[in-house]
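Counting from 13, one number per residue, gives the positions in the sequence shown under this note's numbering.
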Amino acid sequence: MPGMTRLPGPARTAFASLLLWAAMALPAFALDHTMTPIATPDQPDAIELGTGPLPGAEVPESWYRQYGSMFARNVTVATLTPFLPDPAKATGTAVIVAPGGGFRSLSMENEGWNVARALAERGVAAFVLKYRLNQTPAGLDDFADSMRQMFAGPPPRHRIDPMASIATLGPQLEDARAAFALVRSRAAEWGIDPDRVGMVGFSAGAMLTLATTLAGGDARPAFIGNIYGPLAPVQVPADAPPLFVALAADDGLFANSGFDLVENWRAAGRPVEFHLYEQGGHGFGMYPKETTSTGWFDAFTAWMRMHGLLERAAH
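Set out below in C-alpha cells:
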C-alpha cells in the first residue's frame, strides 16, 4: 500500500515465522491431519473484488481437505461470498468474515462458510472474504513437507507489533478495504445498514481484522471479533470500535504472551469483552468439540445482541 514503511529484516523474519506457525497450528482434538487434494468447489455466489491478481504470483489457486474441512491456498484473486439472512429475520447488521491460515492457506469451511451460515441464521448478513495469500509450493506434497519442516521446531516466542504488521499485509488490506466498499455500496440491495458493518477474523484473519481497524479510513469496521488472534499491545484509537475476543488458555500461539490488546482497549475506555476458555487449542472455529470453547459463537452473538446489533435497524 502506498506510504507504508518496509519492516526491517529481523522484524519481517519474526512476523513470517509466527504466521507459519499459525498456518500449521493443529486443532486440539482428534481429526485427520492428512492433506488431501480436492477440486476447486463451486462458488457461484462469489464476487470478485477487483483488486487484481497477486503481484508476481506464478502458482495458481488450489484446494485441499484437512481436519475434515476445506482449505484454499495460493489464492491470487480475492472474492467475497454473501450469505444473506431470510428477509423475515434480517437485522440490517452485516459481518465480513476473515478465515485464518497463516496467510498461506484459508480455512474456508470451518472459519468461513460455516461461520457465515450461522450468522445468517441469526439474521446477520455475512460475507466470507477469500483474500489473497502468500505463494506456496505448487505440489500439495511439497507444501505439506515445507510445513512439516517448519513445524518441527519450537513455536516462536516473538511478539509482533500489530502496527508493523500493516506494512506486511498490503494485498490483504487492499482486499479488506474492497470488501467493505462493496458491502456498503450495495447496502440497500442487501438490506444492510452501512453503519452496522463489522468484521470477525480467526488467527491470521484476526490479524487482518485488527490491521484493517488500525489502518483507519473508510474500511473501518463498526465492531470487530478477534478469535484466537494475537493480543499484542496496540495504540488504541480514541474512536476504536467495540471489540470481542475469544481465546483458549491452551492455545500454543497466542495464550502465553499476555493480554495487552484487551487491557489497551479497556485503558482507552473502549468497549471490550474477553472470553478465555480453559481448553480448545488453536483453530477450534466451528468444529464440534468437548470443550467450552465451542460456546464462543453463542457468546459472540449474545455480545452483538447486547450492543443492539441483532435488533432490526431503523429505516
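Quick reminder that beta carbons are idealized off the backbone N, C-alpha and C, glycines included. This one's a predicted model, so the numbers in the text were calculated from it and none came from an experiment.
For a test of the three-state rule: what should DSSP assign to residue i, helix, strand or coil?
| i | result |
| --- | --- |
| Ala216 | helix |
| Gly210 | strand |
| Ile178 | helix |
| Ser305 | helix |
| Val284 | strand |
| Thr93 | strand |
| Leu131 | helix |
| Met120 | coil |
| Arg278 | helix |
| Arg85 | strand |
| Ala69 | coil |
| Ala34 | Model confidence at Ala34 stands at a pLDDT of 48, short of 50, so the residue's coordinates are unreliable and nothing is read from them. |
| Arg77 | strand |
| Leu322 | coil |
| Val136 | coil |
| Thr313 | helix |
With distances taken between CB atoms, is the gap from residue i to residue j smaller than 7 Å?
| i | j | result |
| --- | --- | --- |
| Ala261 | Glu290 | yes |
| Gly135 | Thr103 | yes |
| Leu61 | Ala90 | yes |
| Ala84 | Met47 | no |
| Ala115 | Ala191 | The residue you asked about is not Ala; residue 115 is Phe in the sequence shown. Not a contact, by the Cβ cut-off of 7 Å. |
| Met211 | Ile50 | no |
| Ala234 | Pro249 | no |
| Val140 | Met298 | no |
| Ala110 | Gly213 | yes |
| Ala188 | Thr224 | yes |
| His287 | Ala311 | yes |
| Ala267 | Leu259 | yes |
| Ala130 | Phe95 | no |
In angstroms, rounded to a whole number, what distance separates the CA positions of residue i and residue j?
| i | j | result |
| --- | --- | --- |
| Pro156 | Ala244 | The residue asked about is misnamed: residue 156 is Ala in this sequence, not Pro. Straight-line Cα distance between these residues: approximately 29 Å. |
| Ser305 | Trp202 | 32 Å |
| Phe41 | Gly264 | Bear in mind that a pLDDT of 45 at Phe41, under 50, signals an unreliable position, so the model cannot answer this. |
| Phe296 | Leu181 | 24 Å |
| Ala314 | Trp308 | 10 Å |
| Ser197 | Pro67 | 26 Å |
| Leu322 | Thr52 | 34 Å |
| Gly124 | Gly281 | 31 Å |
| Ala176 | Ala100 | 43 Å |
| Asp153 | Thr88 | 20 Å |
| Leu220 | Leu226 | 10 Å |
Could you tell me if residue i is buried or exposed, where buried requires 16 or more neighbouring beta carbons within 10 angstroms of its beta carbon?
| i | result |
| --- | --- |
| Arg144 | buried |
| Pro183 | buried |
| Pro97 | buried |
| Arg208 | buried |
| Asn122 | buried |
| Phe57 | The sequence given here has Asp at residue 57, not Phe. Asp57 should be labelled exposed. |
| Asp54 | exposed |
| His294 | buried |
| Met318 | exposed |
| Arg160 | exposed |
| Gly292 | buried |
Taking 6 Å as the line, does the beta carbon of residue i fall inside it for any heavy atom of the ligand ADP?
| i | result |
| --- | --- |
| Thr48 | Ligands are entirely absent from the displayed structure, and the ligand ADP is therefore not among its contents. |
Discussion item. Threshold first: 3 residues or longer. Then list the beta strand (DSSP E) segments lying entirely within the region 222-268, N to C.
Written reply: 236-239 and 255-260
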